[in-house]
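Peer 1: Start counting the sequence shown at 27; every next residue gets the next number (our numbering).
Every residue, glycine too, gets a C-beta built ideally from N, C-alpha and C.
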Amino acid sequence: MQYTMEQSTIKLSKKLKNDLRKQMNHPGETYEMVIARLLKITQEGDVLSDEVIRNIEEGIADIKAGRVYTSDQVKRKLGLK
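1. Is L46 near V60, with beta carbons less than 8 Å apart?
2. Is DSSP giving N51 helix, strand or coil here?
3. Rounded to whole angstroms, what's the CA-CA distance from N51 to K66? Just pull it up for me.
4. DSSP three-state label for T68, please.
5. Could you give the residue range of the alpha helix (DSSP H) that holds I79?
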């Protein structure tokens with residue numbers, strides 16, 4: 027499939043431009059690619075489920091409570107280091 031590129035100028039606040047830049051997955055990703063990816067996510071309804079949100083919140087609570095191990099600690103415990 028081939029797309030014809032059309033040039034357009036849009037005005038963005040510095041904050042929004044910086045927010046879009048932070049969404050880039052790699053240095054070569056364009057703003058168009060970022061916007062297209064974000065639109066696809068919203069159109070597909072890829073919303074985090076309640077279970078996923080709960081798991082993330084539990085993970086954050088574990089981190090705050092110090093119930094975590096560094097990679098080096100895990101490796102030592104498993105005899106890998």
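Peer 2: Taking the coordinates as given:
1. yes
2. coil
3. 15 Å
4. helix
5. 76-91
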